[in-house]
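Notes for the one structure printed next.
There are 2 protein chains.
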Amino acid sequence: MGSTTAQPPVRLAVLDSDTGFLQVLANRLDAAGWQHRVLASPVPIDALVSMRLNVLVLDLAVLGPAGWSYLEKVCERLPSLGVIVCTGRSSVSQRVRGLRIGADDWITKPCHPEELIARAEAVARRRRRAEAARVEAAPVVAGELEIRADQFQAFAAGASIDLTRREFELIQLLAHAAGQVLPREEIYQRVWGYAMVHGDRSVDVFVRKLRQKLERASPRWRYIHTHFGIGYRFAAESLDPPEVVPEPVAEPARVLV
Amino acid sequence: MGSTTAQPPVRLAVLDSDTGFLQVLANRLDAAGWQHRVLASPVPIDALVSMRLNVLVLDLAVLGPAGWSYLEKVCERLPSLGVIVCTGRSSVSQRVRGLRIGADDWITKPCHPEELIARAEAVARRRRRAEAARVEAAPVVAGELEIRADQFQAFAAGASIDLTRREFELIQLLAHAAGQVLPREEIYQRVWGYAMVHGDRSVDVFVRKLRQKLERASPRWRYIHTHFGIGYRFAAESLDPPEVVPEPVAEPARVLV
DNA sequence: CGAGTTGTAACCAGCGTGTGACCAGGAGGC
DNA sequence: GCCTCCTGGTCACACGCTGGTTACAACTCG
């Protein structure tokens, strides 16, 4: 999977009253997979805050004379919000004023909705670049183990296990396919990137290194299980007798990941 | 931010051949106190890098058919550079294409220089704010170390460590992402502002310089930790055995930041 | 019991990193 | 203008870690 695909959708709001324009725009936004909504009248700033928008498109005309101060307040109060003014004919000095106040872009109506979207995208792009990537990959948790893809690290009981790059890739692959048995050939293929030659013991050796470190960091749990003649399976299983919860199921203490 | 005072001036370059337009623009830019220069022909990307620009204004027409790929390369290589296309008549699809590729704005000639400046300002502002947002004016404290973003300096046990600009930016980035492993490429991208070429050792060297100064100023602590094959992680860890607080944890003296 | 499979430890080559020296360019003092 | 100092950045070399191989022991299963 491409890591760039999992981007959260852009959240956009349009403050305008031109129903025809809004209709066309809505169709395009839906097609692009953006979350969007229409605001009929100047919404209080606090309400805007709670919408957690990425981009706001607004027509100064529908706001009347209060438009400028509204724009100013929005930009001041929500500095991380991208603001695009999309309005009718305007003078250079008006546009300069709007941009100086804090608008990120100014488009003159009539305009093509596709261009508006492209400009909104450009505005949202930079903001996103700063804060994206950070929260992206959700950490995998199993037993005492926590795997954070964004940090290239695994933690046991809060403490960092010092994993090598390959070791990390291996445990990440295993943990991600938790519960199912992965054949050696497939493991090799997906971690090393090319086909395994018969007799290669690399996977076994790295499993051993992993087990060693996991054992040291989380002694009361077993994570990697051997399946003779096939490969390995990841499953967090506690060694502590579960006398409190005596479940006679085949699986002693399966912890979901 | 109320004080717009101590802002470093915007560095802008124009890639165009319209001498009349350039002349008028230059006057306005001088009046605004911006550093600017004119590029007569498509400059190699490496040369652009060394100019340390904030904003680049370019006319796709002067580049000919190679303009699109040039624009694309610039946006890819210098993601933190604001790019404004200022060119003659164009179709909606051309504008959409340019913005999608990575341009921040697209202005149609003829245009008023004041509007161009206002848009350049908006682009620079957005970029700057994104930078500032992650810096967090609040001072970071870890171990004996205190980092004050407002002073561009770091202090250990009250005494100032004499850090250069790059060194400070590096420690600030690391400390702000305390606990996380930052890949070399990302460090380079965010401190130097453009993409790292393979084999560049600048990050290593500056980490070394930082470690040296930190070691001298705060000998009983370790702050920057290497993650082989990945990058670096900031975490204040004391070398003193914590016999006063005999915690039977595996980690000897992990100090959260 | 034997062949094939897996666990384990030692071992080595490659390369990523630490480190010091060196150099170019810019700021500032004279 | 010339000189000096400082900073940023490159280079070369040494070292240590990592990845991967091999050999052997232990184990599984027919």
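Same order as they appear, the protein sequences are chains A and B.
Counting in this note's numbering, the first sequence runs from 1369 upward without gaps.
Counting in this note's numbering, the second sequence runs from 1369 upward without gaps.
We put the CB at the ideal spot given by N, CA and C, even for glycine.
Integer Cβ distance of residue i from residue j, believed to fall under 8 Å
i	j	result
B/A1492	A/L1467	So it is not a contact: roughly 11 Å between Cβ atoms.
B/R1495	A/R1494	6 Å
B/V1417	B/Y1556	B/V1417 to B/Y1556, Cβ: 12 Å. No contact.
A/S1448	A/A1525	That belief does not hold up - the Cβ atoms of A/S1448 and A/A1525 are roughly 36 Å apart, past 8 Å.
A/E1482	B/V1464	5 Å
A/L1550	A/G1599	5 Å
B/E1514	B/A1522	7 Å
A/R1588	A/D1608	6 Å
B/F1574	B/L1538	5 Å
A/R1576	B/G1597	A/R1576 to B/G1597, Cβ: 20 Å. No contact.
Boundaries (first-last residue) of the beta strand (DSSP E) holding residue i
i	result
B/T1387	Taken as a continuous stretch (DSSP letters only), B/T1387 belongs to no beta strand (DSSP E), being part of the alpha helix (DSSP H) at T1387 to A1400.
A/L1631	For residue 1631 of chain A there is no data in the structure shown, the boundaries of chain A being 1369 and 1625.
B/I1529	A1527 to I1529
A/Q1403	Q1403 to L1407
B/R1590	W1589 to H1595
B/A1510	V1508 to A1510
B/A1381	R1379 to L1383
A/L1426	V1423 to L1426
Three-state secondary structure assigned by DSSP to residue i
i	result
A/Y1562	coil
A/D1473	strand
A/Q1462	helix
B/R1457	coil
A/F1319	For residue 1319 of chain A there is no data in the structure shown, the boundaries of chain A being 1369 and 1625.
B/G1432	helix
B/I1598	coil
B/S1606	strand
A/P1551	strand
B/L1467	helix
B/L1513	strand
Close-in-space but distant-in-sequence residues of the same chain around residue i (CB under 7 Å, 5 per side omitted)
i	result
B/G1435	L1428
A/R1420	R1379
B/V1558	The sequence as given places Arg at residue 1558 of chain B; Val does not occur at that position. Answer for B/R1558: L1541, listed in chain order.
A/E1512	A1524, A1525, S1586 and W1589
B/T1373	Low local confidence applies: a pLDDT of 38 at B/T1373 is under 50, so the model's placement there is unreliable, and no value is given.
A/H1593	Y1600, R1601 and A1603
B/A1415	none
Bounding residues of the alpha helix (DSSP H) (the contiguous stretch that carries residue i)
i	result
B/G1435	G1435 to R1445
A/R1579	S1570 to A1585
B/V1417	I1413 to M1419
Proximal residues to residue i (C-beta, below 8 Å), its chain only, five neighbours per side dropped
i	result
B/T1510	Strictly speaking, residue 1510 of chain B in this sequence is Ala, with Thr absent from that position. Here the set comprises A1543, A1546, Y1591, F1602, A1603, A1604, V1623 and V1625.
A/I1413	K1441, V1442, R1445 and L1446
A/I1452	V1423, L1424, V1425, L1426, A1471, D1472, D1473, W1474, I1475, L1484, R1487, A1488 and V1491
B/P1377	G1401, W1402 and Q1403
B/S1461	none
B/W1560	S1570
A/D1386	D1427 and K1477
Close-in-space but distant-in-sequence residues of the same chain around residue i (CB under 6 Å, 5 per side omitted)
i	result
B/L1439	I1469
B/H1404	L1380 and L1397
A/P1410	L1431 and Y1438
A/R1502	Residue placement at A/R1502 is poorly supported in this model, since its pLDDT is 48, which falls under 50; the coordinates are not used for a value here.
A/V1382	V1406 and V1425
B/M1564	E1553 and Y1556
A/F1536	F1520
B/I1529	A1522, K1581 and A1585
A/N1395	none
Residue i CB to nearest heavy atom of the ligand NAD below 7 Å
i	result
A/G1547	The ligand NAD is not among the ligands present in this structure, which contains no ligands whatsoever.
Next on the checklist: Taking contact to mean 3 or more Cβ pairs, one atom from each stretch, closer than 8 Å, check whether the region 1437-1456 of chain A and the region 1471-1486 of chain A are in contact.
Outcome noted: yes
Next on the checklist: Quick check: the region 1563-1570 of chain B against the region 1509-1518 of chain B, are at least 3 beta-carbon pairs closer than 8 Å?
Outcome noted: no
Checklist entry - Are the region 1384-1392 of chain B and the region 1593-1604 of chain A touching, with three or more C-beta to C-beta distances below 8 Å? => result no
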